[in-house]
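If you're matching positions, the sequence shown starts at 6 in the UniProt record's numbering and goes up one per residue.
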Amino acid sequence: TFAPHTPAAMPLRSFGTAPAYDTPAMADLVAWVDEIAALTQPAAIHWVGGSRAENDALLRTLVDEGKLIKLNPEWRPGSYLARSHPSDVARTESRTFIASEKEEDAGPTNNWEDPAEARAQIGELFEGSMRGRTMYVVPFSMGPVGGALSHIGVQVTDSAYAVASIGIMTRVGDAVTRQIAEGAPWVRTVHSVGAPLAPGQTDVEWPCNDNKYIVHFPETLEVYSFGSGYGGNAILAKKCFALRIASVIARDEGWLAEHMLLIRVVSPEGKAYHVAGAFPSACGKTNLAMLRPTIPGWSVETLGDDIAWIRPGEDGRLRAINPEAGFFGVAPGTGESTNVTAVETLWGNTIFTNVALRPDGDVWWEGLTDEAPAELIDWEGNAWTPDSGRPAAHPNSRFTVPAAQCPQIADDWESPDGVPLDVILFGGRRATNVPLVVEATDWTHGVFLGATISSERTAAAEGTLGELRRDPFAMLPFCGYNMGDYFAHWLKVGRSLRFDRAPRVFQVNWFRRGADGRFLWPGFGDNSRVIDWIIRRIEGKVTAIESPIGRLPRIEDLNLEGADVTQADLEELFDVDPQAWQREADSTEEFFATFGAKLPPALNAELASLRYRLQKA
Ligand code: GTP
Ligand code: SPV
Ligand code: MN
Numbered sequence: 006t007f008a009p010h011t012p013a014a015m016p017l018r019s020f021g022t023a024p025a026y027d028t029p030a031m032a033d034l035v036a037w038v039d040e041i042a043a044l045t046q047p048a049a050i051h052w053v054g055g056s057r058a059e060n061d062a063l064l065r066t067l068v069d070e071g072k073l074i075k076l077n078p079e080w081r082p083g084s085y086l087a088r089s090h091p092s093d094v095a096r097t098e099s100r101t102f103i104a105s106e107k108e109e110d111a112g113p114t115n116n117w118e119d120p121a122e123a124r125a126q127i128g129e130l131f132e133g134s135m136r137g138r139t140m141y142v143v144p145f146s147m148g149p150v151g152g153a154l155s156h157i158g159v160q161v162t163d164s165a166y167a168v169a170s171i172g173i174m175t176r177v178g179d180a181v182t183r184q185i186a187e188g189a190p191w192v193r194t195v196h197s198v199g200a201p202l203a204p205g206q207t208d209v210e211w212p213c214n215d216n217k218y219i220v221h222f223p224e225t226l227e228v229y230s231f232g233s234g235y236g237g238n239a240i241l242a243k244k245c246f247a248l249r250i251a252s253v254i255a256r257d258e259g260w261l262a263e264h265m266l267l268i269r270v271v272s273p274e275g276k277a278y279h280v281a282g283a284f285p286s287a288c289g290k291t292n293l294a295m296l297r298p299t300i301p302g303w304s305v306e307t308l309g310d311d312i313a314w315i316r317p318g319e320d321g322r323l324r325a326i327n328p329e330a331g332f333f334g335v336a337p338g339t340g341e342s343t344n345v346t347a348v349e350t351l352w353g354n355t356i357f358t359n360v361a362l363r364p365d366g367d368v369w370w371e372g373l374t375d376e377a378p379a380e381l382i383d384w385e386g387n388a389w390t391p392d393s394g395r396p397a398a399h400p401n402s403r404f405t406v407p408a409a410q411c412p413q414i415a416d417d418w419e420s421p422d423g424v425p426l427d428v429i430l431f432g433g434r435r436a437t438n439v440p441l442v443v444e445a446t447d448w449t450h451g452v453f454l455g456a457t458i459s460s461e462r463t464a465a466a467e468g469t470l471g472e473l474r475r476d477p478f479a480m481l482p483f484c485g486y487n488m489g490d491y492f493a494h495w496l497k498v499g500r501s502l503r504f505d506r507a508p509r510v511f512q513v514n515w516f517r518r519g520a521d522g523r524f525l526w527p528g529f530g531d532n533s534r535v536i537d538w539i540i541r542r543i544e545g546k547v548t549a550i551e552s553p554i555g556r557l558p559r560i561e562d563l564n565l566e567g568a569d570v571t572q573a574d575l576e577e578l579f580d581v582d583p584q585a586w587q588r589e590a591d592s593t594e595e596f597f598a599t600f601g602a603k604l605p606p607a608l609n610a611e612l613a614s615l616r617y618r619l620q621k622a
């Protein structure tokens, strides 16, 4: 395992000690914690039990240390603002690795690292990395504790901010430790901000390290993350475990771990349908998860906004759960006119990161209100006015809030058995070409639509904003194995379903723009008009137009009553330009070629028939 070294004497405090379960599995957990402590040399170890009092004390400490600002409880009870280091504001994909035994198991879309090399790196980076800090041991469950579709893990971390965030995003505490003690399998995750403190050294507001390193061991179910305190790099249960590691477990066990929102849509006739949707980061999952329909009769219940674990059931249908317990959502653009449900969810008990602070001790970000307050402190802690010429909140500023606070959360959102899926959506952010909605002709065509998603880059990760990139299944940064094998796995899961019970697949794009650069579709609550058409398709109430790229609605079949959209814009929203699509097909061919022999032949066949249809068009 790690290179030998002499651990410093560790004056462990007595608070938050390990629960005294006397089993071999518990001894194993304690031995692992000791091993990490010997490597990272923290000043103290705190086992998180999950109580309210413990969480309150943790938050008080963070405020005392200047790492959180307590918001004015009159406006935002139980809520806090964190300001990150300006360099630590998003996921760092270039420093994220899959350390599978074989390089081809990481595939062309991941950064691969040889596991032995990765362990050597870990030994170097983590040695003494927690000096002067408390190491927290956080047992967590993804999915309700003990649920048939749930999985558990432990994160050790030297970031109290991460602990508070994990406490919102997952189910944390002794009930999980007990499961581990009883022998349940668990995932090992280790996180350090990589900023050890010398004796007497004063801490900074947001400790982190320029050298970031996030590495996953899919064969041994381990994650190590160094140098960053930011959400997806630090809340390891989320993208690292629930997607990268879980996708590998899912491949081996015949299920799917997906970057998807999950909702229940109830039609005017009172029929319930379940919709899951994969959209790349910052492309509308949380907003669709909290949809408030602008058309009468429809309602939406929220089940999840980012991750879905999906399993074929005995009835030949897919069933899905949201493994998370909170929302880690994009703040900018969230306001009364776009997502009033989110605004109401954020009434209190929320940790905000990198938003602006109002003089009255509340928060603000671009889009919360139409007009900006006259004076603010921006996300970097500087005075700000509307004339400052820069955003007050970072474009990837976020809120972390318990899902239970969502006013439209489904009553049964924590049901361990999940919900049966009727519809799968694939979305992206495309200024051109991709219509508002297209229906796949069958499961294989649906997999082709998922595999070929491309989307303009957003602020959720490092990189050039607006640049078009492939993001298959919105899983490009999150698939823990070879994406070619992942495509094949999707095809295989489809074959395991009863032929008439597979979810129907649709591609959507809320982000198409006109020649003048403005969005052609009003989006947000009006996306219910698209859902309405999709459900009527499923119910067989409406026909579609066969196009080379899939089935399109007849504009007259859309419910557009009261919609703020012109006939010309609608025609542009559904325009399929065969020449532009031949270029899309050329680009898809290049993309598919990167998978070599791992690409399922069925996807090449889909591409060939797309070209054939385009030629005839
Ligand atoms: P991650 O949490 O990073 O995975 O993002 P997400 O997929 O949950 O995206 P989210 O719903 O937070 O939306 C990201 C940005 O897109 C926000 O600024 C939203 O205001 C904006 N957005 C969401 N839905 C729509 C829409 O229908 N139309 C337009 N124009 N913008 C949208
Ligand atoms: C995303 O980037 O998809 C997010 C934020 O939801 S993070 O948790 O950082 O991945
Ligand atoms: Mn989101």
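Ideal Cβ positions, reconstructed from N, Cα and C, are used throughout, including at glycine.
Straight through space, the alpha carbons of residue 316 and residue 324 are spaced by roughly 5 Å. Proximity of the beta carbon of residue 465 to the ligand SPV is indicated: a heavy atom of the ligand is located closer than 8 Å. Counting C-beta pairs with one atom in each stretch, the segment 288-305 and the segment 376-393 have fewer than three that are closer than 8 Å, which means they do not touch.
Distance check between residue 248 and each of 236, 262, 257, 502 places 262 closest, using alpha-carbon atoms only.
Looking at the DSSP output, residue 75 sits in a beta bridge with 85. In this structure, residue 334 has its beta carbon less than 8 Å from a heavy atom of the ligand MN.
By DSSP's assignment, residue 116 forms a beta bridge with 102. By the Cβ test, the segment 270-279 is in contact with the segment 415-433, since at least three Cβ pairs between them sit closer than 8 Å. The distance from the Cβ of residue 149 to that of residue 419 is about 5 Å, consistent with a contact at the 8 Å cut-off. In this structure, the C-beta of residue 286 approaches the ligand SPV to less than 8 Å from one of its heavy atoms.
Using a C-beta cut-off of 8 Å, the segment 46-66 makes contact with the segment 133-152, since at least three inter-stretch Cβ pairs fall below that distance. Between the alpha carbons of residue 22 and residue 295 lies a distance of about 39 Å. In this structure, the alpha-carbon of residue 203 lies about 27 Å from that of residue 171. Counting only the Cα atoms, residue 63 lies some 7 Å from residue 169. Rounded to whole angstroms, the gap between the alpha carbons of residue 593 and residue 270 is 33 Å. With 16 or more other Cβ atoms inside 10 Å of its own Cβ, residue 230 counts as buried. Counting only runs of 4+ residues, no alpha helix (DSSP H) is found wholly inside the segment 387-414.
Between the ligand SPV and the CB of residue 311, the shortest heavy atom gap is smaller than 8 Å. The Cβ atoms of residue 404 and residue 339 sit closer than 9 Å to each other. Straight across, the Cα-Cα distance linking residue 198 with residue 359 is about 18 Å. Restricting attention to 453, 493, 494, the CA atom closest to the CA of residue 475 is found in 453. With respect to the C-alpha of residue 482, the residue from 245, 66, 72, 57 having the closest C-alpha is 245. Under DSSP, residue 555 takes part in a beta bridge, and its partners are 552. Excluding five sequence positions before and after residue 568, the CB atoms of its chain that fall closer than 7 Å to its own CB belong to 527, 531, 534, given in chain order. Taking the C-beta atoms as reference points, residue 314 is found nearer than 9 Å to residue 147. Here the alpha carbons of residue 126 and residue 355 stand approximately 35 Å from one another. Check the Cα spacing between residue 542 and each of 529, 552, 558, 554: the tightest is with 558. Residue pairing from DSSP places residue 227 in a beta bridge opposite 193, 222. Distance from the CA of residue 616 to the CA of residue 590, rounded to the nearest whole angstrom, comes to 7 Å.
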